[in-house]
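Asker: I'd like to ask some things about the structure below.
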């Protein structure tokens, strides 16, 4: 495999697209805006899924499954919600094809037209709240703590693999509660579940905050978010958790009888992360040689490659390598021994570097003599000779070190890219440097819109526990009580 | 919870529908033919998924994800395939809604019409083979052993929860091989993966066989299947594995260069099981009191219920019950302690009986005195008093016994419902009794059609390793070399 990546500094966006395809993560399909997630990419997504699912269940949630299709009439019941999604949805209008009477192939059978069109879910609040109406009668039925792993469709005009595709995979939590306080706590809790997962497992530092009204989810009273910063200085929203108030309960008439016998509307939340996380993962750690994966999410954490000139040498190496393989496997390390004879060692080195395997162990005849192996780190590209008997412990510790180092490196890079500015000129300069810009804003949607039109930057979030500080808006000069974080974003 | 199930002998179909809803497995949605899988039902599906996924990976398969939508032109490339699915598919024709200018709500924006319609996948052979074209160049790229967990849509006119719904969840394996022999072995292997899983985990006996031409998958050269028998004497196809020959490779031009440099078409298989398995599970083991679950798939294997008259008693019981709970949990038993004070013990007994929890442990003040607990089996409804210190071992063994007993009971029932007949009259009588009917058939599609029209019975399968035996067709009297299994089926 020849390395064929455009260097990041030449064209970051091109580097990203090439890497996604060359590292076998995903590919464009013949279907506009829809991606194919290839086995290697999907294996990373499965690691993400499995850990998140575990954390959801640990916090009391259960999974369920709701229909792919939403009748148009349900979809339009919550006014802000339909406004937010109507312009980008796939619509099913017919349910049968027939042979083309005028040529080859098939055509839509016009006699099989649906009475009511079905929307392919862009998100499932409407179908789910329509269901919760039947699930909730009494306070004893609350809370409902449900999550769904699903595909959703939002018709995007400009798509990019993982970052913005017409169909994507995600999870969506939808909860219903007896009190406002409980719903707010739930939304806040899930923000932390996301934040902790992204930092601990993906090794990506996050800023937790709330969205301004402009960037809030269609139908929510408050949107909590985790914001991350990519290597090119653009921000990426990695997850959101919404406090829905009673909006959907009122739209779908979901009420419960409380302990005193009174009928009340329930309070709701929804929260989700998607295959977009894969984009964040790639753009946080990878380099010009390819993908760099944090060990906790790497489908292959360690690859063993034999270096040999002939079959006799390979047979000798096999014995030692297979012992290393089973020792590592026994301590739950995801290890692969690649002794295929259809590819040369150099090709394999490149291949696993491109695919971001955290540790490579190479072993050749000279290592055998010395009783050592060469251990290479993908993140730093450094190599070390390690005595075979020390290998298991060494590898175990190294995986943990790499995980920590990746986070630390990403955090230093992110922290050094938060610019605090007080004037419009320095605001624009800082945006051009890339990163988050911490600035005063007068709190109005109009000003945020004007800033967006001038600079393409949006308010990424108002950090949780933001310091209160008097100041003046960088654009209007009006009074402000706190700084917010602006950035250009994916 | 009042028990409110129609007895099976009165109306089996009604019993089924009521049970699915009352046991919180699934519900009808506001969307025609689409179901909601409720958390308890979905938890069983997750157990099925997790074990199957493990078995797929153990046999060398990897997961991937392909688009939900298939362009109409791809869809029609394999002639038999489009013929088989064209009449039941959901078709996306537009990608935007707009505000209704003449009233409230939203309408389809006619200016946002797709140039080419998209079919919501009823199965993914076409989109996947269109992709494999890009994945395969050389023999080194083979085999491809890919599986996908996904939702699919087949527009059904008459739907029943789990058994036949417009949208359902499933997995679909799609493999590509260098040789015919390898592809046939793969199809055959996956049949055994399914058969072993259904017998070992679902405790449902299966008959492994091949389909007649009439019942074969649209586009396959051979369809292998596992057939099961429900309590009401109707058969249910629980899984299929197809040898596709080179049909899709030719339709999508998927060729590879072999070791000698020759270009050849690849050989394919596909195989799938779906949420229909939930229907088979319910209709094999359950009774007039509700669901009966085999321990290996039960989300809750053991429930502990305290019997008390006042809070002091509950506090005493809590101490002992929580100890039992953690002891069982430590030996990996899925156990729940239900000490809610919002429901009475009798209600709880009914609830967990309805939900098929394999073992109930009840503990009251008199048990405390004696140092025992009352252990009840869901399958036999028998009860026994067990000394507390013996409980963990007793429960562990009982779970294993229940799993075996359920299979044995289902197998005896199935075996006693295989009727061997040699005349048309006895054939019709046997069908009316219910069960499989083993009879000679002349091997033609016409005869199979005529039998189906007369009796609603189809050939469920020609068993693997079927005994060769000369005879005459029950309908036509023409010569036959082996018996096949007929049945009325779900």
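Protein chains in written order, with the numbering used here: chain P, -11 to 478; chain L, -11 to 478. We put the CB at the ideal spot given by N, CA and C, even for glycine.
Please classify residue 259 of chain P as buried or exposed, where buried requires at least 16 other C-beta atoms within 10 Å of its C-beta.
Answerer: By one-based count along the first chain, residue 259 of chain P stands at place 271. Looking at its Cβ environment, which holds 16 or more other Cβ atoms inside 10 Å, residue 259 of chain P is buried.
Asker: Within a Cβ cutoff of 7 Å, which residues of the same chain sit near residue 199 of chain P, ignoring the five residues on either side of it in sequence?
Answerer: Against the first chain, residue 199 of chain P aligns to sequence position 211. So the qualifying residues of the chain are 211, 213 and 449.
Asker: Helix, strand or coil for residue 390 of chain P per DSSP?
Answerer: To locate residue 390 of chain P, count along the first chain from 1; it is residue 402. Reduced to three states, the DSSP call for residue 390 of chain P is helix.
Asker: Could you please tell me which residues of the segment 454 to 474 of chain P, in chain order, have their CB closer than 9 Å to any CB of chain L?
Answerer: Those would be none; no residue qualifies.
Asker: Name the two residues that bound the continuous beta strand (DSSP E) containing residue 268 of chain P.
Answerer: Taking the first residue of the first chain as 1, we reach residue 268 of chain P at position 280. First-last for residue 268 of chain P: 264 to 273, but that is the alpha helix (DSSP H), not the beta strand (DSSP E).
Asker: In chain order, which alpha helix (DSSP H) runs of at least 4 residues are fully inside the segment 48 to 99 of chain P?
Answerer: For the segment 48 to 99 of chain P, whole alpha helix (DSSP H) runs of length 4 or above, ordered along the chain, are 60 to 63 and 67 to 73.
Asker: Going straight from the alpha carbon of residue 58 of chain P to that of residue 147 of chain P, what length do you get?
Answerer: Numbered from 1 along the first chain, position 70 holds the residue referred to as residue 58 of chain P. Numbered from 1 along the first chain, position 159 holds the residue referred to as residue 147 of chain P. About 24 Å.
Asker: Unbroken alpha helix (DSSP H) runs of length 4 or more, entirely within the segment 351 to 424 of chain L: which are they?
Answerer: For the segment 351 to 424 of chain L, whole alpha helix (DSSP H) runs of length 4 or above, ordered along the chain, are 353 to 358, 379 to 403 and 412 to 421.
Asker: I want to see whether chain P comes within less than 8 Å of residue 64 of chain L, judged by CB atoms only; does it?
Answerer: The residue given as residue 64 of chain L occupies position 76 in the second chain. Yes, because at least one Cβ of chain P sits closer than 8 Å to the Cβ of residue 64 of chain L.
Asker: When you compare only the Cα positions, how much space is there between residue 302 of chain L and residue 333 of chain L?
Answerer: Here residue 302 of chain L is taken as the residue at index 314 of the second chain, counted from 1. Here residue 333 of chain L is taken as the residue at index 345 of the second chain, counted from 1. Approximately 12 Å, taken between the alpha carbons.
Asker: At least one CB of chain P closer than 8 Å to the CB of residue 51 of chain L: is that the case?
Answerer: Here residue 51 of chain L corresponds to residue number 63 of the second chain, with the count starting at 1. So yes, residue 51 of chain L belongs to the interface.
Asker: Helix, strand or coil for residue 312 of chain L? Go by DSSP, reduced to three states.
Answerer: Residue mapping note: residue 312 of chain L aligns to position 324 of the second chain, counting from 1. Residue 312 of chain L falls in the helix class under three-state DSSP.
Asker: Going by DSSP, what residues sit across from residue 446 of chain P in a beta bridge?
Answerer: Locating residue 446 of chain P in the first chain gives position 458, counting from the first residue. Paired residue(s): P/475.
Asker: Does any CB atom of chain P fall closer than 8 Å to the CB of residue 128 of chain L?
Answerer: Walking along the second chain from the start, residue 128 of chain L turns up at place 140. It does; some Cβ of chain P falls within 8 Å.
Asker: Looking only at its own chain, which residues have a Cβ that is under 7 Å from the Cβ of residue -11 of chain P, when we skip the five neighbours before and after it?
Answerer: Residue mapping note: residue -11 of chain P aligns to position 1 of the first chain, counting from 1. Residue placement at residue -11 of chain P is poorly supported in this model, since its pLDDT is 44, which falls under 50; the coordinates are not used for a value here.
Asker: Please specify which runs of the beta strand (DSSP E), each continuous and at least 3 residues long, are wholly inside the segment 165 to 238 of chain P, giving them in chain order.
Answerer: Within the segment 165 to 238 of chain P, the complete beta strand (DSSP E) runs of at least 3 residues are 195 to 198, 210 to 217 and 223 to 233.
Asker: Got a sec: which bits of the segment 143 to 171 of chain L sit with their beta carbon under 7 Å from any beta carbon on chain C, in order along the chain?
Answerer: Annotation note: the requested chain C is absent from the structure, which comprises protein chains P and L.
Asker: Rounded to whole angstroms, what is the Cα-Cα separation between residue 64 of chain L and residue 168 of chain L?
Answerer: If you number the second chain from 1, residue 64 of chain L lands on position 76. If you number the second chain from 1, residue 168 of chain L lands on position 180. Roughly 25 Å between the two C-alpha positions.
Asker: Do residue 463 of chain P and residue 278 of chain P count as a contact pair if the criterion is CB distance below 8 Å?
Answerer: Counting from 1 along the first chain, the entry for residue 278 of chain P is found at position 290. Counting from 1 along the first chain, the entry for residue 463 of chain P is found at position 475. Not a contact, by the Cβ cut-off of 8 Å.
Asker: Strictly below 8 Å CB to CB, what residues from chain P border residue 24 of chain L?
Answerer: Here residue 24 of chain L is taken as the residue at index 36 of the second chain, counted from 1. Going along chain P in sequence order, the residues near residue 24 of chain L (Cβ under 8 Å) are 52, 53, 54, 55 and 119.
Asker: Tell me which residues share the same chain as residue 82 of chain L and place their Cβ nearer than 8 Å to its Cβ, disregarding the 5 neighbours each side in the sequence.
Answerer: The residue given as residue 82 of chain L occupies position 94 in the second chain. Counting only Cβ-Cβ distances below 8 Å, and skipping sequence neighbours, we find 96, 97, 98, 100, 101 and 102.
Asker: Looking at the C-beta of residue 226 of chain P, does it have a partner C-beta in chain L at a distance below 8 Å?
Answerer: Start at 1 with the first residue of the first chain, and residue 226 of chain P comes out as number 238. No, because no Cβ of chain L sits closer than 8 Å to the Cβ of residue 226 of chain P.
Asker: Under 8 Å, Cβ to Cβ, is there at least one residue of chain P near residue 284 of chain L?
Answerer: On the second chain, residue 284 of chain L is found 296 positions in, with the first residue counted as 1. Chain P contact via Cβ: absent.
Asker: Check the C-beta distance from residue 118 of chain L over to residue 240 of chain L and give it rounded, since I have them as a contact under 8 Å.
Answerer: The residue given as residue 118 of chain L occupies position 130 in the second chain. The residue given as residue 240 of chain L occupies position 252 in the second chain. Rounded, the Cβ-Cβ distance is 5 Å, consistent with contact.
Asker: Given this structure, state the Cα-to-Cα distance separating residue 114 of chain P from residue 236 of chain P, to the nearest angstrom.
Answerer: Within the first chain, numbered from 1, the residue matching residue 114 of chain P stands at position 126. Within the first chain, numbered from 1, the residue matching residue 236 of chain P stands at position 248. One C-alpha to the other measures close to 8 Å.
Asker: Where does residue 328 of chain P fall in DSSP's three states?
Answerer: To locate residue 328 of chain P, count along the first chain from 1; it is residue 340. Residue 328 of chain P falls in the coil class under three-state DSSP.
Asker: Look at the alpha carbon of residue 324 of chain P and the alpha carbon of residue 131 of chain L, and state the distance between them as a whole number of angstroms.
Answerer: Translated into positions along the first chain, residue 324 of chain P becomes position 336. Translated into positions along the second chain, residue 131 of chain L becomes position 143. If I take the Cα positions, the gap works out to 18 Å.
Asker: Taking the continuous beta strand (DSSP E) assigned at residue 101 of chain P, which residues delimit it?
Answerer: Here residue 101 of chain P corresponds to residue number 113 of the first chain, with the count starting at 1. Per DSSP, residue 101 of chain P belongs to the beta strand (DSSP E) from 101 to 108.
Asker: Suppose you measure from the CA of residue 128 of chain L to the CA of residue 163 of chain L; what does that come to, to the nearest Å?
Answerer: If you number the second chain from 1, residue 128 of chain L lands on position 140. If you number the second chain from 1, residue 163 of chain L lands on position 175. Answer to the nearest angstrom: the Cα atoms are 15 Å apart.
Asker: So with Cβ pairs under 8 Å, would you call residue 8 of chain L a contact of chain P?
Answerer: As a first step, residue 8 of chain L must be located in the second chain, where it is residue number 20. Not an interface residue.
Asker: Tell me which residues of the segment 68 to 86 of chain L have at least one Cβ-Cβ distance to chain P shorter than 9 Å, keeping chain order.
Answerer: Against chain P - using a Cβ distance shorter than 9 Å - the residues of the segment 68 to 86 of chain L are 70, 71, 73, 74, 75, 76, 77, 78, 79, 80, 81, 82, 83, 84, 85 and 86.
Asker: Report the neighbours of residue 106 of chain P on chain L: residues whose CB is nearer than 8 Å to its CB, in chain order.
Answerer: Residue numbering aside, residue 106 of chain P sits at position 118 when the first chain is read from its first letter. Going along chain L in sequence order, the residues near residue 106 of chain P (Cβ under 8 Å) are 19 and 78.
Asker: So, for residue 352 of chain L: in the same chain, excluding its five sequence neighbours on each side, which residues have a beta-carbon less than 6 Å away from its beta-carbon?
Answerer: The residue you call residue 352 of chain L lines up with position 364 of the second chain. If we look at residue 352 of chain L and ignore the five residues flanking it on each side, its Cβ neighbours are 295.
Asker: Determine the DSSP secondary structure at residue 31 of chain P, reduced to helix, strand or coil.
Answerer: Position 43 of the first chain holds residue 31 of chain P. Note: residue 31 of chain P maps to helix in three-state DSSP.
Asker: What does DSSP give as the partner residues of residue 14 of chain L in its beta bridges?
Answerer: In the second chain, counting from the first residue as 1, residue 14 of chain L sits at position 26. DSSP output for residue 14 of chain L lists L/25 as bridge partner(s).
Asker: Please confirm whether residue 224 of chain P and residue 478 of chain P have their CB atoms less than 8 Å apart.
Answerer: Within the first chain, numbered from 1, the residue matching residue 224 of chain P stands at position 236. Within the first chain, numbered from 1, the residue matching residue 478 of chain P stands at position 490. Yes, Cβ-Cβ distance for residue 224 of chain P and residue 478 of chain P is below 8 Å.
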